[in-house]
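Colleague: Protein chains in written order, with numbering that gives the first Met the number 0: chain H, 0 to 452; chain V, 0 to 452.
There are 2 protein chains.
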Amino acid sequence: MKSTHFLLFIFSLSFFSLAQDSIFIRRIYDEALLRGHAYENLRQLCKDIGPRLSGSAQAQMAIDWSYTKMNAYHFDRVQKQAITVPHWERGTTETAWYMSKDGQLHKVHLLALGGSVGTNGLMTAEVVEFKTLDALKKAKIAAVENKIVFLNQPMDAAQIQTFKAYGACYAIRGNGAVEAARLGASAVVIRSLGLPQDEHPHTGSMHYETEIPKIPAAAMATADANALSLELEKGKVHFYLEMDCRDFPDAPSYNVMAELKGSKFPNEIITIGGHLDSWDTGEGAHDDGAGVIHCLEALRILKELGYQPTHTIRVVFFMNEENGNQGGQQYAKWVLSNQEKQIAALESDRGGFVPRGFGLDGPDTYLALIQSFEQLLRPYDLHIFEKGYGGVDIGPLKNLYPGIPLFGFVPDSQRYFDYHHAPSDVFENVNKRELELGAAAVASFVYLLDKNI
Amino acid sequence: MKSTHFLLFIFSLSFFSLAQDSIFIRRIYDEALLRGHAYENLRQLCKDIGPRLSGSAQAQMAIDWSYTKMNAYHFDRVQKQAITVPHWERGTTETAWYMSKDGQLHKVHLLALGGSVGTNGLMTAEVVEFKTLDALKKAKIAAVENKIVFLNQPMDAAQIQTFKAYGACYAIRGNGAVEAARLGASAVVIRSLGLPQDEHPHTGSMHYETEIPKIPAAAMATADANALSLELEKGKVHFYLEMDCRDFPDAPSYNVMAELKGSKFPNEIITIGGHLDSWDTGEGAHDDGAGVIHCLEALRILKELGYQPTHTIRVVFFMNEENGNQGGQQYAKWVLSNQEKQIAALESDRGGFVPRGFGLDGPDTYLALIQSFEQLLRPYDLHIFEKGYGGVDIGPLKNLYPGIPLFGFVPDSQRYFDYHHAPSDVFENVNKRELELGAAAVASFVYLLDKNI
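1) Taking the continuous beta strand (DSSP E) assigned at L132(V), which residues delimit it?
2) Could you tell me the distance, in whole angstroms, from the CA atom of E435(V) to the CA atom of H73(H)?
3) Please check the pair L87(V) and G117(V), which I expect to be a contact at CB under 8 Å, by giving their CB distance rounded to whole angstroms.
4) Does V425(H) come within less than 8 Å of chain V when only Cβ atoms are used?
5) I need the boundaries of the alpha helix (DSSP H) containing G175(V), first residue and last residue.
6) For M98(V), which option in V126(V), T91(V), T83(V), A71(V) has the closest C-alpha, if you only look at C-alpha atoms?
7) Quick one: list the residues of chain H neighbouring Q413(V), beta-carbon separation under 9 Å, in chain order.
8) From the beta carbon of Y66(H), is the nearest beta carbon of chain C less than 8 Å away?
9) Is there contact between the stretch 268-283 of chain H and the stretch 320-334 of chain H, where contact requires at least three CB pairs shorter than 8 Å?
10) Is it right to say M0(V) is buried, meaning 16 or more other beta carbons lie within 10 angstroms of its own, or is it exposed?
11) So what does DSSP say about C45(H), is it helix, strand or coil?
12) Going by DSSP, name the residue or residues bridged to M122(H).
13) Do you know whose CA, among W278(V), N337(V), Y388(V), lies nearest E267(V)'s CA?
14) Is it true that the CB of A95(V) sits closer than 8 Å to the CB of V77(V)?
15) Report back the beta-carbon spacing between L405(H) and K386(H) to the nearest angstrom; my notes put them in contact at under 8 Å.
16) If E93(V) and M242(V) are in contact, beta carbons under 8 Å, what's the gap, nearest whole angstrom?
17) Compare the C-beta of P195(H) against all C-beta atoms of chain V and say whether one is closer than 8 Å.
18) Can you give the beta carbon distance from F426(H) to R42(H), rounded, assuming they're within the 8 Å contact cut?
19) For F357(H), is the classification buried or exposed, using 16 other Cβ atoms within 10 angstroms of its Cβ as the cut-off for buried?
20) Taking Cβ positions only, does S443(H) come closer than 8 Å to chain V?
21) Who are the near neighbours of L447(V) in its chain, counting only those whose CB is closer than 6 Å to its CB and skipping five residues on each side?
22) Within 10 angstroms of the Cβ of H201(V), are there 16 or more other Cβ atoms? Answer buried if so, exposed if not.
23) For Y28(V), which residues in chain H fall below 8 Å Cβ to Cβ?
24) Flag L33(V) as yes if its beta-carbon sits less than 8 Å from any beta-carbon of chain H, otherwise no.
25) Between the alpha carbons of H36(H) and I171(V), how many angstroms are there, rounded?
26) Under 8 Å, Cβ to Cβ, is there at least one residue of chain H near L447(V)?
27) According to DSSP, simplified to helix, strand and coil, what is Q374(H)?
28) Can you check DSSP and say which residues form a bridge with F408(V)?
29) Hey, G288(H) and L44(H) are a contact pair by Cβ (cut 8 Å); roughly how many whole angstroms apart?
30) What residue range is occupied by the uninterrupted beta strand (DSSP E) comprising R299(V)?
31) In its own chain, which residues sit with a C-beta less than 6 Å from the C-beta of Y496(V), not counting the 5 before and 5 after it?
32) Taking just the CA atoms, how far does A284(H) sit from K290(H)?
33) Looking at P308(V) and V361(V), is the spacing between their C-beta atoms short of 8 Å?
34) Inspect the beta-carbon positions of V454(H) and G54(H) and report whether they are closer than 8 Å.
35) Buried or exposed for F474(V), please, with buried defined as at least 16 other CB atoms from any protein chain shown within 10 angstroms of its CB.
What follows is the structure in C-alpha cells.
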C-alpha cells in the first residue's frame with residue numbers, strides 16, 4: 000500500500016470511528032431525553048424516601064432502594080459493601096431568637112451544623128460578631144469568653160465560579176466551633192453558606208478537636224444574619240438558643256454498586272458515582288440525588304443501547320460523603336485490598352443543573368484525552384474540558400492509585416448555592432430536562448473514556 | 000523606531016487595551032452582581048404591573064413605568080415613539096371539556112390563541128386528531144367538516160437547541176386555524192408548544208386569511224393533549240368549547256427609549272432592546288421582562304461606571320412583539336425617516352437564564368469581531384460566538400439598513416419552553432443570579448462592540 004493510500008486508510012478509519020461515536024452519542028441523548036428514567040428515579044429517591052443522613056432509617060431505605068433498582072436493571076455484580084458510618088441526629092428542638100432594641104422578638108431561621116453537640120437546655124448569652132475566622136482568631140479572650148460567637152462572612156456574589164465563593168467561606172463552618180471554643184465562647188452561630196439573601200438556613204459539616212471544649216454550632220439564614228448584624232450596630236444583643244442534636248454510636252451502613260463487565264479488560268475498572276447520603280433537611284435532590292441518578296442512568300443507558308464496554312464500568316452509590324466520607328475512604332481501601340486495577344473514576348456531585356463539561360484531577364496526559372472529546376460533545380453545549388476537581392468520594396483513590404485520573408462532571412453552578420444543604424434542596428427545584436442532559440453527558444463521557452483510555 | 004520596537008510598542012498597546020477591557024468587564028460584573036437593579040426592576044414589572052398585552056391598560060402602565068425609570072436614571076434623550084398596535088382581549092370565559100367513554104368529565108386546561116375569534120356561546124363538535132399540519136392539509140373535507148380539529152404535534156424533546164424544536168411546531172399554531180377552516184372545521188385546538196408534559200397551556204400568536212372563515216383557535220396543556228389522544232384511540236370524542244375572546248380596534252401605544260450619547264460618533268447608533276409587551280397570562284417574566292431588564296440594566300451599569308461610549312447606545316423597549324411586531328416595524332421606519340445611521344443592533348428575547356453567548360445575524364466580517372471578544376468573556380462562562388438569530392423586534396432594521404449586524408443574546412435555552420407564553424412565566428421562575436449575569440453579559444458585549452465596531 001502506498002503511504003498516501005495508507006494515510007487515507009487511517010484517515011477513513013478515524014473518520015469512520017468519529018462518525019460511529021457521533022451516532023452513538025446521539026442515541027445516548029435520545030434515550031435520556033425521550034425514554035429516560037432519571038426524573039422518575041430521582042422522584043422516588045426524594046419523595047418516597049426523602050432526606051437520608053448516614054445512620055438514619057432513610058439512609059437504609061435508600062440503600063435497599065438502590066440495591067433493588069440495580070438488580071431490576073440486571074446490571075452485573077450488584078453488591079453492597081459493608082462500612083461503618085457516623086450517626087448524628089438533629090433531634091426535635093432547634094430554636095433561636097433575640098429581642099431587638101425596640102422590644103420586638105426576632106425568631107431566627109437556623110439549623111444545627113452536622114455533628115454539633117446540643118445546648119443542654121435553653122442557652123442565652125451576648126452575641127459577638129466577627130466578619131472572618133481570622134478576625135475571631137485575633138480576638139482577646141475577654142471579648143469572646145462566655146459569649147455566642149457570630150461568624151458573619153458572606154459568600155462573594157461577584158465570584159463567577161460559585162464553588163470558589165463557597166471554598167472561601169468554608170472555614171467559618173468547618174473550624175468556627177474550634178476557634179470560638181479556644182477563646183471560651185459558649186456557642187458559635189454562623190451565617191449560612193448560601194448565595195441568596197433569604198430565609199433558608201444551610202447546614203453542613205463541622206469538626207471538633209480533642210482537648211478543646213465541644214460547643215454547639217449552628218447556621219442561620221442569610222436574611223437573619225443581615226438583620227442580626229444591623230441590630231448589633233445599635234448595641235448589645237442577647238441571643239437565645241436551644242438545640243438537642245447529638246451523636247450516637249457509629250452505625251453499620253453500605254456503599255451500593257453494580258457493573259457492566261468489560262469485554263476486553265474485565266479487571267480494569269472505571270468507577271463512576273455520587274453519594275447516596277444527604278443532609279437531613281430538604282430531600283438531597285441536587286446534593287447528591289442528582290449525582291447518583293446521573294450515574295445510574297448512564298449505566299442503564301449504556302446497557303439499554305447494548306454497549307459492551309472494553310473495561311468494566313462500575314457505578315457506586317457512596318454513603319456518608321456529607322459527614323465523614325467513610326464510603327469513599329472504605330471503598331478505596333476495599334478495592335485495593337481486592338487487588339483491583341482502578342484505571343479512572345468520575346464523580347457527579349455538583350447538582351442536577353444544565354451540563355457545561357468535565358474537569359480533570361490527574362496527570363496532564365489525560366487533559367489531551369478529554370479535550371479530544373470536545374468535538375463530539377460540543378453539539379450538546381458541553382464546552383468545559385479542563386483541569387479541575389474530581390469529587391470527595393473518589394478522592395481517596397488518588398493516594399492509593401498514584402496517577403489515576405479523576406474526573407468531575409461540571410454542571411452550571413449558578414443556582415447550586417441557592418439550595419445546597421438547605422430545606423429548599425427538593426425534587427421540585429430540579430429541572431427534568433437539565434437532569435436528563437446531565438445523565439446523557441455522563442453516559443457520553445464514560446463511553447468515550449472507556450473507548451479511548 | 001526599529002521595526003521590532005514598533006511591533007513591541009503595538010503589542011504593548013494591544014496588551015494594555017486588553018488588560019483595560021478585562022478590568023472594565025470585571026467592574027461591570029461587580030456592579031451587576033453586587034449592586035444590581037435588575038432583579039428589583041423585574042419584580043416591579045412582573046408584580047406591580049403584571050402581564051401587559053398590547054393595547055391593555057397594563058401595557059400603558061408598563062410604558063409609563065419604563066419612561067419614568069429611564070428618566071430616573073438620567074439617561075440621555077428619554078422619549079416615547081407613538082405607534083399603533085392591535086388590541087385583542089381574552090375575555091372572561093375560556094372553558095373546555097369532554098366526557099370519556101367511562102362517563103368521566105375531563106376539564107381541559109386551555110388558552111385561546113392570541114387573535115382568535117370567540118365561539119359565540121357554547122360550541123360542541125366531534126374531535127378529529129392530526130399529528131402534523133401536513134397531515135391535516137392532506138385530509139378530505141368530509142373528515143374535517145363541522146368538526147373540531149385537534150393538532151397534536153409534540154415538540155421534539157431530543158432537540159438540544161429547544162428553539163429548533165419550537166420552530167418545527169410553530170406552523171400548527173400559526174397556520175392551524177387557516178388550514179382547518181379551509182376544510183370546513185368549526186374550531187382548532189392545538190397541543191401547546193411547550194416541552195414539559197404538564198397542566199400549563201401555552202398561548203401565542205396565530206393568523207387568519209381573508210376569504211377563509213375565521214374559526215376559534217386555542218392551545219391545550221400537553222398533559223391534556225396526551226389524555227385526549229388516548230381517549231380518541233377508544234372512539235369518538237365530543238368536545239365542548241366556549242371562549243369570548245375578541246378583537247378591538249387598533250390602539251395607540253408606544254416604544255420607549257433612552258440613550259447614552261456617543262462621544263465621537265453621536266449620530267451612529269447601536270440599538271439594544273427587548274419587548275415590553277407580553278402575553279396576558281403569567282407575568283411575562285422570561286418573555287420578555289428579562290430581556291428589557293437586561294438592556295435597561297446594561298445601560299445603567301455603563302452609565303454608573305462612567306463609560307462614555309464612542310457611538311450612541313440606545314435602549315429600546317419595543318411594544319407589540321407578541322402579536323404584530325408593530326413596535327419593531329415602526330421603529331425601523333421611524334429611524335430611517337429621521338435619517339439616523341443605525342450601525343448595529345442587539346436583542347435579548349430568550350429569557351433570563353444563565354448566559355452562554357451571542358449569535359450574529361449579519362455579514363461574516365462581524366463574526367471575527369465577536370469571536371475576538373471570546374478571550375475576554377470566557378471567564379464569565381460565555382462560549383457561544385457564532386452565526387445565529389438577532390431578534391424579532393430588531394429584525395426590520397435588516398431590510399432598511401442593508402449590511403447591519405444584528406446580534407442576539409443567547410442564554411441557556413433548556414428551561415425556556417417550560418414557561419414560554421404560559422401562566423408559569425412568572426417572576427418566581429427567574430433566578431436572580433442568572434438574570435444579573437445576563438445583564439452583565441449584555442453590558443460587556445455592548446461595551447466591546449462600541450469600542451471595536
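The beta carbon of each residue, even a glycine, is placed where N, CA and C say it ideally should be. If you're wondering where the values come from, they're calculated on a predicted model, not measured in any experiment.
Modeller: According to the structure shown:
1) The residue you call residue 132(V) lines up with position 133 of the second sequence. Careful: L132(V) lies outside any beta strand (DSSP E), inside the alpha helix (DSSP H) at 132-136.
2) Position 436 of the second sequence, counted from the first residue, corresponds to residue 435(V). Position 74 of the first sequence, counted from the first residue, corresponds to residue 73(H). Just so you know, the alpha carbons of E435(V) and H73(H) end up roughly 46 Å apart.
3) As a first step, residue 87(V) is located in the second sequence; it is residue number 88 there, counting from the start. As a first step, residue 117(V) is located in the second sequence; it is residue number 118 there, counting from the start. Note that residue 87(V) is Trp in the sequence shown here, rather than Leu. With 8 Å as the limit, W87(V) and G117(V) do not qualify as a contact, their Cβ atoms being about 11 Å apart.
4) Numbered from 1 along the first sequence, position 426 holds the residue referred to as residue 425(H). It does not: the Cβ of V425(H) has no partner Cβ on chain V nearer than 8 Å.
5) In the second sequence, residue 175(V) corresponds to position 176, counting from 1. G175(V) -> alpha helix (DSSP H) spans 161-181.
6) Stepping through the second sequence from its first residue, residue 98(V) is reached at position 99. Selected option, being the one with the closest Cα: V126(V).
7) Taking the first residue of the second sequence as position 1, residue 413(V) is located at position 414. Near Q413(V) (Cβ distances below 9 Å), the residues of chain H are V353, D380, N430, R432, E433, L436.
8) Absence of chain C from the displayed structure is noted, the protein chains being H and V.
9) Yes, the stretch 268-283 of chain H touches the stretch 320-334 of chain H.
10) Position 1 of the second sequence, counted from the first residue, corresponds to residue 0(V). For M0(V), the predicted model reports a pLDDT of 49, less than 50, meaning its position is unreliable; a value from the coordinates is still stated below. Exposed, by the Cβ-count rule.
11) Taking the first sequence and counting its residues from 1, the one referred to as residue 45(H) is at position 46. Reduced to three states, the DSSP call for C45(H) is helix.
12) In the first sequence, residue 122(H) corresponds to position 123, counting from 1. The secondary-structure analysis by DSSP pairs M122(H) across a beta bridge with L240(H).
13) Taking the first residue of the second sequence as 1, we reach residue 267(V) at position 268. Selected option, being the one with the closest Cα: N337(V).
14) Stepping through the second sequence from its first residue, residue 77(V) is reached at position 78. Stepping through the second sequence from its first residue, residue 95(V) is reached at position 96. No; because the gap between Cβ atoms is not below 8 Å, this pair is not in contact.
15) Taking the first residue of the first sequence as 1, we reach residue 405(H) at position 406. Taking the first residue of the first sequence as 1, we reach residue 386(H) at position 387. Wrong, their Cβ atoms sit about 11 Å apart, outside the cutoff.
16) Within the second sequence, residue 93(V) is the residue found at index 94, counting from 1. Within the second sequence, residue 242(V) is the residue found at index 243, counting from 1. With 8 Å as the limit, E93(V) and M242(V) qualify as a contact, their Cβ atoms being about 5 Å apart.
17) Here residue 195(H) is taken as the residue at index 196 of the first sequence, counted from 1. Yes, P195(H) lies at the interface with chain V (some Cβ there is under 8 Å from its Cβ).
18) Position 427 of the first sequence, counted from the start, is the residue given in the question as residue 426(H). Position 43 of the first sequence, counted from the start, is the residue given in the question as residue 42(H). Sure, about 6 Å apart at Cβ, within 8 Å.
19) Stepping through the first sequence from its first residue, residue 357(H) is reached at position 358. A buried status is given to F357(H), since no fewer than 16 other beta-carbon atoms sit within 10 Å of its beta-carbon.
20) For the purposes of this step, residue 443(H) is taken as residue 444 along the first sequence, with counting starting at 1. No, S443(H) does not count as interfacial toward chain V.
21) For the purposes of this step, residue 447(V) is identified with residue 448 of the second sequence, where counting begins at 1. A distance below 6 Å between beta-carbons, with the five flanking residues on each side excluded, links L447(V) to the following residues of its chain, in chain order: F372.
22) Along the second sequence, read from residue 1 onward, the residue named residue 201(V) stands at position 202. Buried.
23) As a working note, residue 28(V) is residue 29 in the second sequence. Think of a sphere of 8 Å around the beta carbon of Y28(V): the chain H residues whose beta carbon falls inside it are A157, I159, in chain order.
24) By one-based count along the second sequence, residue 33(V) stands at place 34. At least one chain H Cβ lies under 8 Å of L33(V).
25) Along the first sequence, read from residue 1 onward, the residue named residue 36(H) stands at position 37. Along the second sequence, read from residue 1 onward, the residue named residue 171(V) stands at position 172. Rounded to the nearest angstrom, the two C-alpha atoms are 30 Å apart.
26) Position 448 of the second sequence, counted from the start, is the residue given in the question as residue 447(V). By this cut-off, L447(V) is not an interface position.
27) To locate residue 374(H), count along the first sequence from 1; it is residue 375. Per DSSP, reduced to three states, the secondary structure at Q374(H) is helical.
28) Taking the second sequence and counting its residues from 1, the one referred to as residue 408(V) is at position 409. Bridge partners of F408(V): F357(V).
29) Here the question's residue 288(H) lines up with position 289 in the first sequence. Here the question's residue 44(H) lines up with position 45 in the first sequence. The pair is a contact, with the Cβ atoms about 5 Å apart (cut-off 8 Å).
30) Here residue 299(V) corresponds to residue number 300 of the second sequence, with the count starting at 1. Note, R299(V): premise wrong, no beta strand (DSSP E); alpha helix (DSSP H) at 289-303.
31) Any question about residue 496(V) goes unanswered here, given that chain V covers just 0 to 452.
32) In the first sequence, the residue the question calls residue 290(H) occupies position 291. In the first sequence, the residue the question calls residue 284(H) occupies position 285. In the sequence as displayed, the identity of residue 290(H) is Gly instead of Lys. Cα to Cα, G290(H) sits roughly 9 Å from A284(H).
33) Here residue 361(V) is taken as the residue at index 362 of the second sequence, counted from 1. Here residue 308(V) is taken as the residue at index 309 of the second sequence, counted from 1. Checking the sequence shown, residue 361(V) turns out to be Gly, not Val. P308(V) sits away from G361(V), with the two beta carbons spaced by 8 Å or more.
34) Chain H is shown from 0 up to 452; residue 454(H) falls before or after that span and cannot be answered.
35) An answer regarding residue 474(V) cannot be provided, because it is not within the stretch 0 to 452 covered by chain V.
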